[in-house]
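Numbering (full-length UniProt numbering), first residue to last: 1 to 93.
Here is the structure:
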């Protein structure tokens, strides 16, 4: 199942009810997204074990600067995201 959250009130309501396990990954689309969302996520899940995908090198760099090393989708396309999700789960097995 794929779920997307795009509003801050959804984040604070939905994240605590989710189970962040081996079937979960978080996708960051921009450096500003990293800056805005990361405080919410670190309050509810262990980012050291959470699978993370970055769209593009600038977003990947923003994550690396805070100690999170993502799988990077090389383009902002559905196909590139699908490849990154596949890599994320292949890498973890």
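The C-beta atom is built at its ideal place from N, Cα and C for all residues, glycine as well.
Simplified DSSP state of residue i, which is helix, strand or coil
| i | result |
| --- | --- |
| residue 25 | strand |
| residue 51 | strand |
| residue 45 | coil |
| residue 90 | helix |
Burial state of residue i (16 or more Cβ within 10 Å)
| i | result |
| --- | --- |
| residue 48 | exposed |
| residue 62 | buried |
| residue 78 | exposed |
| residue 90 | exposed |
One or two residues paired with residue i in a DSSP bridge
| i | result |
| --- | --- |
| residue 73 | 55 |
Supposed contact pair residue j and residue i - C-beta distance, whole angstroms, cut 8 angstroms
| i | j | result |
| --- | --- | --- |
| residue 29 | residue 68 | Their Cβ separation, rounded to whole angstroms, is 15 angstroms, which puts residue 29 and residue 68 out of contact at 8 angstroms. |
| residue 66 | residue 41 | About 11 angstroms; that fails the 8 angstroms criterion. |
| residue 75 | residue 53 | Contact flag wrong, Cβ pair sits at about 13 angstroms. |
| residue 59 | residue 34 | 7 angstroms |
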